[in-house]
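Worksheet: one structure, shown below.
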Ligand code: SF4
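Residue numbers (the numbering used here), protein chains in the order written: chain A, 1429 to 1685; chain B, -9 to 410.
Here it is, written out as structure tokens:
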């Protein structure tokens, strides 16, 4: 039988709809691909999957009933990694999970289970880092604005954290790599797309866009950061391990000045 | 708030506070209420790291570096010729709130030199916390340093607004304290610890009856000891530590390698190295006591008064107790798995889970992430490749050190990502 190539729209629901298709048609071999990163196999039949929330929910319910809550969040985390080939791993994992009576998420000696756990762990680490390294800047419109560029698509994962923590201020966290952000307006969090002015510098704060106070507090934070260092214990290797360089450009304490 | 004056003060008062190593902001259960600001209910987050590799999670400052005392090991001491400054209560509140809103910090760690008297100082520390909670509706983390000698009434109030209280005993033994901090009395540290411990117990008991009882220092209390300033050995230090954990229910004891800051012939001279590796070994021992089920006397006792700097304390213990090994990872209980060198608690739990599905062999263990480099000499698994070689402790130690120099170099830090 020919290999089926299932193209979905990149959303989690879309992916689950593709899984639905696999089981509905009892496909033995199928590859599931995000339409934004399609690399078609030469000898495979292409099938466009229409995202269907109802089907997606059914699949998700089925999976959840077979996995522990940890297992299902690992699966979702791994999906958000956007790593190439992750769909195949997930499919394998789901097949294995559905074939067993007891949850398999701790069967670390099984290759896909282990792999998914590892990917989920990296995504979890990135989520945690974003919770730490988001730096809000107060705009002239009284909104606390932050831009990030995470390796994985972690915005959906950090929403709750920031909503709970900053309940009394308006804020935006914008993923500039993926071109969307979260906006909290004191009531709910919405997904937003923004157009930035051509002269907007994501690493800088200036009074065209940001409040005058903003610069002062950044300066105080930078001073504080400097003052807390104990020179005789300096250990840059350790420092860089904790704060990898790729995050530096948007950290206010790391800005040259 | 005048930016320039605050800036000047912040530089001085953050600089003076940096020697306090307590930075943890976890363990509280204060969650956001009434749509206020902040949340201290989850795990603490390190928002940045200093260039020396320590975590920055709290705005850690002194309210003032004026002090009427003259403790030899302290930059703030009376006789030290330095610039002095003092924050106003409102300035600390503004800094905390504005740093928090920008996601720089988890909260505030406020300590102080003693100006005028213990109570006069403590009152102001309490005022900061009170303002943050009542006026700013702030639910982030607050850690207040108790001023030795402050009244019970102020300590009680402090506990109502702070998540954690601490008082630093600084010097592990009474004799050392007498020598280096002649103005201080050990009772003055102990008294607030007893008070806090009793209040916590009382509030917990009341809470069972009355749901609306406010929380009292929900993240408990901690203390700090300076290492390498007054000649105590590791056995003495860990005994003191153990005593404080057991007697006053402390959540954490911090160990702070002494950073020479003065030309005082009672102390290591300026330029002497900070005992970082030793500090690290003490933290490891502390972890073994708190999370790995070790009794402190198994690691340090009359016969072994010093921690081995070459190997971590768990490995050290294993090498002295080879008769307990090898452990069979497929059958051993949690306690013994936790005692295998190179196995962290995470790996222990992974093994316990994974072995329900199949018998584990070296390949499985490697995949799970066990550091076999150390562990292999202390365990057997479902594998024929294993041959029990009768190696002596010295031989094993040599083999491990040979293969792990870089790893041990890395652990020259004061952070605790160890036992991996
Ligand atoms: S009382 Fe505290 S601040 Fe004052 S000199 Fe002693 S340790 Fe330093």
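Think of the CB as a built atom: it goes at the ideal place given N, C-alpha and C, for glycine as much as any other residue.
Inset, instruction - Answer yes or no: the CB of residue 103 of chain B versus the heavy atoms of ligand 1, is any distance below 7 Å? - result: yes
Legend entry - Top-ranked residue by Cα proximity to residue 176 of chain B, from B:199, B:102 and B:137: B:137
Inset, instruction - Using a cut-off of 8 Å between C-beta atoms, extract the partners of residue 266 of chain B located in chain A. - result: 1661
Inset, instruction - Label residue 1625 of chain A either buried or exposed according to how many other C-beta atoms from any shown protein chain fall within 10 Å of its C-beta, with 16 as the threshold for buried. - result: exposed
Inset, instruction - Entirely within the segment 194 to 231 of chain B and at least 3 residues each: give me those beta strand (DSSP E) ranges in chain order. - result: 211 to 217
Legend entry - CA-to-CA distance, residue 70 of chain B to residue 1582 of chain A, given in whole angstroms: 50 Å
Legend entry - Selection of the segment 57 to 70 of chain B by Cβ proximity to chain A, strictly under 7 Å: none
Inset, instruction - Taking only the alpha-carbon atoms, compute the straight-line gap between residue 368 of chain B and residue 1540 of chain A and give it to the nearest angstrom. - result: 29 Å
Inset, instruction - Compare the C-alpha of residue 299 of chain B against each of B:387, B:145, B:153 and B:20 and name the closest. - result: B:387
Inset, instruction - Please check if any C-beta of chain A sits within less than 8 Å of the C-beta of residue 231 of chain B. - result: no
Legend entry - Whole-angstrom C-beta distance between residue -9 of chain B and residue 113 of chain B, which should lie under 8 Å: 22 Å between Cβ atoms; not a contact.
Inset, instruction - Assess, as a yes-or-no matter, whether the segment 101 to 120 of chain B is touched by the segment 51 to 65 of chain B under the definition of 3 or more beta carbon pairs within less than 8 Å. - result: yes
Legend entry - Pair within 8 Å by beta-carbon distance, residue 63 of chain B and residue 216 of chain B: yes
Inset, instruction - Within the segment 1517 to 1562 of chain A, note down every full alpha helix (DSSP H) run reaching 4 residues or more, in order along the chain. - result: 1539 to 1561
Inset, instruction - Say yes only if the C-beta of residue 59 of chain B is nearer than 7 Å to one or more non-hydrogen atoms of ligand 1, and no if none qualify. - result: yes
Legend entry - Exposure label - residue 403 of chain B; buried when at least 16 CB within 10 Å: Annotation note: pLDDT 41 at residue 403 of chain B (below 50); position unreliable, coordinate value reported separately. Buried: at least 16 other Cβ atoms inside 10 Å.
Inset, instruction - Would you kindly check if the distance between the Cβ of residue 1573 of chain A and the Cβ of residue 1580 of chain A is under 8 Å? - result: no
Inset, instruction - Measure the CB-CB distance between residue 275 of chain B and residue 297 of chain B and report whether it falls below 8 Å. - result: yes
Inset, instruction - Tell me whether residue 76 of chain B sits in a helix, a strand or coil according to DSSP, three-state version. - result: strand
Inset, instruction - Give the DSSP-derived three-state secondary structure of residue 163 of chain B in the structure shown. - result: coil
Legend entry - Three-way DSSP call (helix, strand, coil) for residue 135 of chain B in this model: strand
Legend entry - Own chain, CB closer than 8 Å to residue 260 of chain B, minus 5 neighbours either side, in chain order: 250, 251, 252 and 253
Inset, instruction - Check whether the Cβ atoms of residue 1484 of chain A and residue 1445 of chain A lie closer than 8 Å to each other. - result: yes
Legend entry - residue 41 of chain B: contacting residues in chain A (beta-carbon distance under 7 Å): 1657, 1662, 1664 and 1667
Inset, instruction - Using a threshold of 8 Å, state whether the C-beta atoms of residue 1605 of chain A and residue 1644 of chain A are closer than that. - result: no
Inset, instruction - Check the Cβ-Cβ distances between residue 1612 of chain A and every residue of chain B, and say whether any is below 8 Å. - result: no
Legend entry - Collapsed DSSP secondary structure at residue 333 of chain B in the structure displayed: coil
Legend entry - Sheet register partners of residue 1599 of chain A (DSSP bridge): A:1572 and A:1612
Legend entry - chain A contact for residue 243 of chain B (CB, 8 Å cutoff): no
Inset, instruction - Check each residue of the segment 1565 to 1596 of chain A: if its Cβ is closer than 9 Å to any Cβ of chain B, include it; give the result in chain order. - result: 1565, 1566, 1572, 1574, 1589, 1590, 1592, 1593, 1594, 1595 and 1596
Inset, instruction - Taking C-beta pairs closer than 7 Å, name the residues in chain A that residue 354 of chain B reaches, listed in chain order. - result: 1537
Legend entry - Through-space distance from residue 332 of chain B to residue 231 of chain B, alpha-carbon basis: 25 Å
Legend entry - Distance between beta carbons of residue 174 of chain B and residue 59 of chain B, contact taken as under 8 Å: 7 Å
Legend entry - Close Cβ partners of residue 1 of chain B (< 8 Å) along its chain, the five nearest in sequence each way excluded: none
Legend entry - Below-8 Å beta-carbon distance, residue 1645 of chain A vs any chain B residue: yes
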